[in-house]
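Heads up: the structure comes next, in structure tokens.
4 protein chains.
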Amino acid sequence: MSTQKLHIGIIGAGRIGRVHAETLAFRLPESQIVSITDVNREAAQALAARCNIPKVAASSDEILADKQIEVVLICSSTNTHADLIAQAAKAGKHIFCEKPIAFSLEQIDHALAAVKTAGVQLQIGFNRRFDANFARVRQAVASGEIGTPSLMHIISRDPAPPPLSYVKVSGGIFMDMTIHDFDMARFLIGDEVEEIYTAAGVRVDPEIGKAGDLDTALIVLRFRNGVIGTIDNSRKAVYGYDQRVEILGSKGKIATENFYPNQIVISTGDTVYKDLPLNFFMDRYTESFVAELQSFIAAVLEKRTTAVTGIDGRIPVAMALAARKSYDEHRPVRLSEVGG
Amino acid sequence: MSTQKLHIGIIGAGRIGRVHAETLAFRLPESQIVSITDVNREAAQALAARCNIPKVAASSDEILADKQIEVVLICSSTNTHADLIAQAAKAGKHIFCEKPIAFSLEQIDHALAAVKTAGVQLQIGFNRRFDANFARVRQAVASGEIGTPSLMHIISRDPAPPPLSYVKVSGGIFMDMTIHDFDMARFLIGDEVEEIYTAAGVRVDPEIGKAGDLDTALIVLRFRNGVIGTIDNSRKAVYGYDQRVEILGSKGKIATENFYPNQIVISTGDTVYKDLPLNFFMDRYTESFVAELQSFIAAVLEKRTTAVTGIDGRIPVAMALAARKSYDEHRPVRLSEVGG
Amino acid sequence: MSTQKLHIGIIGAGRIGRVHAETLAFRLPESQIVSITDVNREAAQALAARCNIPKVAASSDEILADKQIEVVLICSSTNTHADLIAQAAKAGKHIFCEKPIAFSLEQIDHALAAVKTAGVQLQIGFNRRFDANFARVRQAVASGEIGTPSLMHIISRDPAPPPLSYVKVSGGIFMDMTIHDFDMARFLIGDEVEEIYTAAGVRVDPEIGKAGDLDTALIVLRFRNGVIGTIDNSRKAVYGYDQRVEILGSKGKIATENFYPNQIVISTGDTVYKDLPLNFFMDRYTESFVAELQSFIAAVLEKRTTAVTGIDGRIPVAMALAARKSYDEHRPVRLSEVGG
Amino acid sequence: MSTQKLHIGIIGAGRIGRVHAETLAFRLPESQIVSITDVNREAAQALAARCNIPKVAASSDEILADKQIEVVLICSSTNTHADLIAQAAKAGKHIFCEKPIAFSLEQIDHALAAVKTAGVQLQIGFNRRFDANFARVRQAVASGEIGTPSLMHIISRDPAPPPLSYVKVSGGIFMDMTIHDFDMARFLIGDEVEEIYTAAGVRVDPEIGKAGDLDTALIVLRFRNGVIGTIDNSRKAVYGYDQRVEILGSKGKIATENFYPNQIVISTGDTVYKDLPLNFFMDRYTESFVAELQSFIAAVLEKRTTAVTGIDGRIPVAMALAARKSYDEHRPVRLSEVGG
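Here it is, written out as structure tokens:
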């Protein structure tokens, strides 16, 4: 209920741009969207109408040149992220940018250097940290509720593979999907991974393999503090979106279950059943999208470090590179080998 | 995303008025609140500021006289509901009114007659029908998924009793609390109750007993179609809000569990535990408040009968009267005995 | 691993007689079955062969006259229980008798008087008290883990109705089925019921109604200490045997779930399901049959009062009589009205 | 209820010998133990008294020379298994032998050759295959209920580490603990593992590390059919014995939960909790010990191949060798490298 309102410009009116615009417009009264742009002008116009955004800018340049705007949200395609970060930083804007920043560490380092020089705030869109389950798991680890961790497992499976056209430009499974889990692993354990071993294959769709990508992966993480972790990824779980973690510590275990649309159980003459879990990220992570922007806006207003900084955007990319190298070379790979 | 917007006036800016105002302002773009009033003018002003409502009216009369307003939300105290419904109907407004309509069937009949005469739409605020769990249970019954029902149980317990000052004017536990469960029973089974037997007592706080009320009740419902149901009420469940139902049918059983803030389970050397369920109705039924207004607005816009009509507001009051009479006379009471 | 062995005679080689014989023979080395009898001599012979019982007696008289026998198990039909108890007591045998003792309180009082005169031990076969779930619930109540109880619910549903021939001689649903739940209610709360109200009907099979019995019942219990309880009975739950209780106390709630043959959950594209619960009492209560005899044998060997005494056998019969009277007269009935 | 009884001799009256002796004596009437021996004669005598075994033999030689004996159970220490198998085979006895057969594949091959030459039956004591959960998971895989498997996880954690004295002679964690999980992996997937990668460490007790062993391990299995599996082992889970598996297939997922001593849940003002799971293998796998012997005896009587053959005893030992080699050499190791 603060009367101070942050003035925001949005670059990108696609799926995730729309999520953020609606959140800012309808859920976060401490923000005000003043301008939006998209390479698809119609998409920008429709979203502007939907969310009462007064202006549709012709380009990101126009957004960055707008003196009224204090904060930009970068929701455009991945290949534009690094440059836009650098330009927005130079323009003195605080920045919220979707993940990944880029597929190469050089580009990321370039962008982060610009942010550092400009002294602006940057938050990367690892929204899952703000999910009620994962935030609670982190709390249990950080508070000592389960003692010193020793084993960690992340299950992260999509209900269906993305279109092949996306697979071909996404940077591959480790960059488009596991990237979230790499961030989650670091977030939950509160320590860095030093070595990665990947076992993976094509089990869902041979076309994904022909496109040079994988659809099923098991990644072993060795943390500096000795914790051993795994990430289980599949591009297709027929029962829906499967998002769970489990950590074993010296004082106990914490495990999460998926969220379900309701809490009903039906017992019949055949089985005892319930409805399928929430199907995909728009349903599953709805509230985390609100919480991440709330956290970002509060950080900007209170001039605090954001909850997910530039380096938090860099390391998962290094992990993705190491995971792929491990798969290609069939051996454990240290992050230092890929510049991590 | 319809461009047609309903113009709405709100009478009452207390707790539930605020819930509805925020829902209309931030979640339902097809509505536009044009005016609000409250006997506490400051409350109305604060809510108007919060929700960008352009006008704070001096009285309900001013709201009802406002030609721009097509719909009124009656969120004032119960003793004003019946008269306001009648007046709003005469003014040609469509009406959403909180429950109960009144404590007496005469008053209710007077209000409903006015609604009928005016031919306006009326929806009563039994929001729980729109909850994901209960809507799914109703679906299972209506679709035959569990066959023909024979036994039904409703558990409905508050985390803590209301203030004594409220208890003294609320109409008693059957009118302020069980009223929701009476509606739920009818809704789930899709049939009418013809007889009620009440076993009840004071187990939570003797002061509630001194005020002439009860805090713990078990109510047996006999439906016309032979289903036997129970409602279990307590004004205090230390673990939080407990809202469950279970129905046994010829083809199976459906049961609901509470909603929890997260889906984590921690196993330690002592116990296997999880966090407490969502504590009270503002957390538990958040989405149902949105869904009920969405349904109401759609009904008005599409000129359809509302999902919870005036008679749906009347019958639970008759059931509350019968439940109390059964307790007082220590015998099963037919609804026909109290005018139901 | 005591070397002292109790010498046991068994009267009745039907279903429950076989359960007890196998338990004594294979699970309880501190007992030795020396003789068995049954009106169906072949059944007795088969069971003797199965369990290495050295002697098949011609009659219960022969068992009672056998000087070597210290303990008799009465597993014959209900109409013989009271007389056999009295005769066994006169013969100086300790007695384990299946429930119910009789359908009339007079017969029960006659039998219990004989037991008292003889000073022998008597345990009634309310095995469910020894079930892991219900014993744990009792512990939670007795230890104060959930504070002072106020509401209690027992769900007790069979997977399928018994044969009509059995229904006609069983004494009716309250005597053949609810009798266990009446005992459970007293056991869990640790107090006596003073009033009962029954709502019941025929929902499963009209033939049961024609035989003068009911197949679906909801029984409200009012305990002397103010606790309100319910028993939910159905002769047919298509998903299997449903045996649960729930108690609300001032410090918390305890609830039980059914036991399942395995702990697997399968998630498919349609539902998330598990296999049906254990189907009926032979599977569900297997271990409780062992524990009740273990407890009985220990009580006899250590000359302690048994865990389920003669009066524990009498009161549930009075409750069954009151439940039926309540149904017949459509009003709450005090146990004192039926001699309870 | 067959009257044919197998005559059995038991070598070894330690913990597992006692489990099997009691199972045969009290649960499996189709068997008759005629003789038992142990290097600790007192242990053999006590168990003979407990289980009504008529003879305590002076040595395993005496057992093997006993013409009445058709079957021997080898429950002595691991270092004696291979020789005893060979000797028993030469003596024409059918053999049930505890796992592992030996720590070296040469010894195992020697024993299995003797079995083959003699044409006797051999079953290895991988009892978990007979557990209700794991048997059901296998059924789901074999029947196609979850489609073609792609990812498998086994969690297998002990409540507390064994004594250091045991760790020093046990062959190490992969041989004393993971051996069960190696068998489980092959059993569930129905295919062979061709490569293993191990990440492991000492997290529970430094003394275990000083003894040259590990206490925490994550083992990645690559099956010939492309399934990727993991085994998660810890020698200490403070909440008790943790024994779960999960398999993702093309048509669904199957996951198991632990077994609990009861099915109660208590909700208080602090948490919602239940009691700890069954603590260790004697409680958790009770019924599987019965089922494995039942299966073995039936196989012998019906002259069928046993459910867990000699090769099933050999392969997990090869897997243990590969797992250790992978840890030592910090790289994935093919089973063919260790003679598997």
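Chains as they are written, first to last, in our numbering: chain A, 1 to 340; chain B, 1001 to 1340; chain C, 2001 to 2340; chain D, 3001 to 3340.
For every residue, glycine included, the Cβ atom is placed at its ideal position computed from N, Cα and C.
Of the residues the options, which one's Cα is nearest the Cα of residue i?
i       : options                            : result
C/R2157 : C/S2104, C/V2238, C/T2078          : C/V2238
B/M1175 : B/K1325, B/I1053, B/S1150          : B/K1325
C/G2147 : C/R2018, C/V2137, C/A2086          : C/V2137
A/F280  : A/N262, A/K93, A/Y241, A/A307      : A/Y241
D/N3079 : D/L3248, D/G3171, D/A3291          : D/G3171
D/R3186 : D/I3315, D/Q3068, D/Q3045          : D/I3315
C/G2014 : C/P2029, C/E2042, C/L2028, C/D2312 : C/E2042
A/I266  : B/T1305, B/Q1263, B/Y1273, B/I1247 : B/I1247
C/V2308 : C/T2256, C/T2037, C/K2099          : C/K2099
D/K3251 : D/A3044, D/S3076, D/A3091, D/S3150 : D/S3150
B/V1120 : B/Y1273, B/A1046, B/A1091, B/L1188 : B/A1091
D/A3082 : D/N3040, D/G3339, D/V3317, D/A3322 : D/V3317
D/D3282 : D/I3264, D/E3302, D/R3304, D/F3259 : Correcting the residue identity first, residue 3282 of chain D is Met in this sequence and not Asp. Nearest C-alpha to D/M3282: D/F3259.
C/L2084 : C/D2066, C/D2061, C/K2067          : C/D2061
D/V3338 : D/Y3327, D/D3328, D/A3322          : D/A3322
Confirm the yes/no value for this check: CB of residue i, any heavy atom of the ligand MN, distance under 7 Å.
i      : result
A/T148 : The ligand MN is absent from the structure shown, which contains no ligand whatsoever.
Go through its chain and collect everything with a Cβ distance to residue i's Cβ below 8 Å, but skip five positions before and after it.
i       : result
C/Y2285 : N2127, R2128, D2131
D/I3069 : H3007, I3008, G3009, V3034, S3035, I3063, K3093
A/I264  : K274, D275
Of all Cβ atoms in chain C, is any one closer than 8 Å to the Cβ of residue i?
i       : result
D/F3126 : no
D/T3286 : no
B/P1159 : no
Got a sec: is the Cβ-Cβ distance from residue i to anything in chain A below 8 Å?
i       : result
C/T2271 : yes
D/G3009 : no
Between residue i and the rest of its own chain, which residues show a CB-CB distance below 6 Å, the 5 nearest in sequence each way excluded?
i       : result
A/V115  : A89, L122, G310
C/H2330 : none
D/A3199 : L3218
C/F2134 : R2128
Quick one: is residue i near chain B, going by C-beta distance under 8 Å?
i       : result
C/D1952 : The question about residue 1952 of chain C has no answer here: the residues shown for chain C are numbered 2001 through 2340.
D/S3156 : no
D/S3234 : no
C/P2332 : yes
C/G2201 : yes
Against chain D, does residue i count as a neighbour if the rule is that its beta carbon must be under 8 Å from one of theirs?
i       : result
C/R2279 : In the sequence on display, residue 2279 of chain C carries Asn and not Arg. Judged by the 8 Å Cβ criterion, C/N2279 is not in contact with chain D.
B/V1238 : yes
Would residue i pass as a contact of residue j if the rule is Cβ separation under 8 Å?
i       : j       : result
D/P3161 : D/K3210 : no
B/F1096 : B/M1319 : no
C/I2108 : C/G2313 : yes
B/V1141 : B/I1189 : yes
D/V3333 : D/V3071 : no
A/A57   : A/T37   : yes
Tell me which same chain residues have a C-beta within less than 7 Å of the C-beta of residue i, skipping the five on either side of it?
i       : result
B/K1005 : E1030, S1031, Q1032
A/D213  : V167, G172, I173
C/C2075 : I2010, I2011, G2012, G2014, I2016, G2017, H2020, E2098
Stretch pair the segment 1225 to 1239 of chain B + the segment 2194 to 2208 of chain C: three plus CB contacts closer than 8 Å:
As far as the Cβ criterion goes, the segment 1225 to 1239 of chain B touches the segment 2194 to 2208 of chain C, which means the pair count is three or higher.
Are the segment 1176 to 1186 of chain B and the segment 2214 to 2226 of chain C touching by the rule of at least three beta carbon pairs closer than 8 Å?
No: the two stretches stay apart, fewer than three of their Cβ pairs being nearer than 8 Å.
Determine contact between the segment 2102 to 2110 of chain C and the segment 2185 to 2199 of chain C, defined as no fewer than three beta-carbon pairs at a distance below 8 Å.
The segment 2102 to 2110 of chain C vs the segment 2185 to 2199 of chain C: no contact.
Within the chosen definition, does the segment 1025 to 1033 of chain B reach the segment 1047 to 1064 of chain B through at least 3 CB pairs nearer than 8 Å?
Touching, yes, given that three or more Cβ pairs across the two stretches are closer than 8 Å.
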